[in-house]
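Undergrad:
Numbering (UniProt numbering), first residue to last: 1 to 470.
#1: Using only alpha-carbon positions, find the residue among 375, 123 and 407 that is nearest to residue 241.
#2: Could you name the residues of the same chain whose beta carbon sits closer than 7 Å to that of residue 117, not counting the 5 residues immediately before and after it, in chain order?
#3: In three-state DSSP terms, what is residue 390?
#4: Taking the beta strand (DSSP E) that residue 359 falls in, what are its first and last residues?
#5: If we ignore side chains and look at the alpha-carbon of each, how far apart do residue 178 and residue 341 end up?
#6: Which residues does DSSP pair with residue 294 in a beta bridge?
#7: Strictly by DSSP, which residues pair up with residue 233?
#8: Mind the definition here: the stretch 261-268 touches the stretch 123-142 only if three or more C-beta pairs lie below 8 Å; say whether that holds.
#9: Helix, strand or coil for residue 196, going by three-state DSSP, please let me know.
#10: Write down every uninterrupted run of the beta strand (DSSP E) in the UniProt domain "Transposase DDE" (323-442) whose length is 3 residues or greater and which is fully enclosed by it, in chain order.
#11: Closer than 8 Å is the cut-off here; do at least three beta carbon pairs connect the stretch 403-418 with the stretch 62-78?
#12: Give me the Cα-Cα distance between residue 301 and residue 308, rounded to the nearest whole angstrom.
#13: Considering residue 202, what are the terminal residues of the beta strand (DSSP E) in which it resides?
#14: Could you check where the alpha helix (DSSP H) with residue 314 kicks off and where it finishes?
#15: Measuring straight from C-alpha to C-alpha, what distance separates residue 97 and residue 16?
#16: Residues in its own chain within less than 6 Å of residue 121 by CB, not counting five upstream and five downstream?
#17: May I have the straight-line CA-CA distance separating residue 366 from residue 317, to the nearest angstrom?
#18: Report yes if the C-beta distance between residue 127 and residue 64 is below 8 Å; otherwise report no.
#19: Please classify residue 223: does DSSP put it in a helix, a strand, or coil?
#20: Which first and last residues belong to the beta strand (DSSP E) in which residue 161 is found?
#21: Does the structure place the stretch 398-406 close enough to the stretch 220-239 that three or more beta carbon pairs sit under 8 Å?
#22: Identify which residue in 104, 36 and 279 has its Cα closest to the Cα of residue 497.
#23: Assign residue 7 to one of two classes, buried (16 or more other C-beta atoms within 10 Å of its C-beta) or exposed (fewer than that).
#24: Buried or exposed: residue 152, going by 16 or more other Cβ atoms within 10 Å of its Cβ?
#25: If we ignore side chains and look at the alpha-carbon of each, how far apart do residue 105 and residue 430 end up?
#26: Between 220, 330, 374 and 189, which has its C-alpha nearest residue 343's C-alpha?
#27: Going straight from the alpha carbon of residue 201 to that of residue 168, what length do you get?
#28: Note down the Cα distance separating residue 34 from residue 437, rounded to an integer number of angstroms.
#29: Give every residue of the same chain whose Cβ lies closer than 6 Å to the Cβ of residue 181, excluding the five residues on either side of it in the sequence, and list them in chain order.
#30: Just to confirm the assignment, what range does the alpha helix (DSSP H) spanning residue 249 have?
#31: Looking at the unbroken beta strand (DSSP E) that takes in residue 475, where does it start and where does it end?
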């Protein structure tokens, strides 16, 4: 039997919006997982207490940005349009069906002019605190990695610019180690005062649209201007810390900043798991010296094709020499400014070597092998890699930090950023990760409460009807 529905559009009804939102809706779970009035305490000093016109509720502003990140909406303008038509969104904000939604420019202005990076950091930390208080954080093992975010800049609009080279955090400590090593070998130490010469500079490609972004090109990725989000997460995929830099900054350069922040907040961290880009002498040394363990993968040495394999050059600690594949010694020559000891062979020995073409490739007829003054820490990291702890923790990367990046780009629209400038992109990334943490916290709390209610219902039913279970 064919039935035709009536098109009743211009109809007035009295409805309860709370009944229209399902009990298991994500926004209802989030609303019950944390107390959003905490935001008033974080932003109260940013408003004048007794002057000016009334502002838009800061909780509403934050919730609107939260909706944008949770549902991967591309812009604030589109977010406002979606909120106007979505009953669940209006219920989450506490707005009636006919109440006007704040203009998108109001949200943009507040997060750009009023709310400082410290405010966004406090919101990010507050959500992490709620997750920790609920017992969901597991920071004993953390995972560090970086992912690139395409900048809002055209690759064709660029200039070449010389910028000063940034000093390394461990520069002074490395210089002391180098001079001590040179003195032990009877060499003159380097002069510590480098201020007499002109500062070192490097030529970089800079965008004229967004000068704070950097050129990113890796593997099969297309060259573009981008930012890098250096991120730390725990075993349960809660993002513990994030540091945003230009896309041309190497992962190991930002490690110290990220490491200091996350270890100060969570001193119970025991294992640092990262990829091969973080396997440097300094990073291994710092982690071991702090009483923690680095879980790092195998890093293939850069050797010339057709030459002897790197492991055939063996270091003799007793005689401080390198033994080549033909069992000839390479003696210590010097320690360079970069912290590498140079071991060189004798040219008259190499002339009669049967495998010379696989070893010596320079005109002097000498083979040079380098070894860092902190090489022992790299060897300790190799021992950890072969241990059960190293194998177990590194195998979790695909389920933790790589999963966080995949979800952020595919589900939460972090592949491209509509903002320009390091501060704006940093706030955008931090709020996105805060939304991801809050979603996970809310879903886990809802699941735990549902399990508890189901168990309670079963227990009460069993007490009333014990015979039916016999």
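Idealized CB from N, CA, C, for every residue including glycine.
TA: Reading off the structure:
#1: 123
#2: 423, 426 and 427
#3: helix
#4: First-last for residue 359: undefined, no H or E at that position.
#5: 9 Å
#6: 272
#7: 143 and 239
#8: yes
#9: The predicted position of residue 196 is uncertain, since its pLDDT is 48 and thus under 50; no value can be drawn from it.
#10: 329-335, 340-344 and 368-372
#11: yes
#12: 12 Å
#13: 201-207
#14: Where residue 314 is concerned, there is no enclosing alpha helix (DSSP H), although the beta strand (DSSP E) it sits in stretches over 314-316.
#15: 10 Å
#16: none
#17: 22 Å
#18: no
#19: coil
#20: 158-164
#21: yes
#22: Shown here, the chain extends from 1 to 470; a query on residue 497 therefore has no answer.
#23: exposed
#24: buried
#25: 20 Å
#26: 330
#27: 14 Å
#28: 12 Å
#29: 335 and 373
#30: Taken as a continuous stretch (DSSP letters only), residue 249 belongs to no alpha helix (DSSP H), as it is neither H nor E.
#31: Residue 475 lies beyond the range of the chain shown here (1 to 470); nothing can be said about it.
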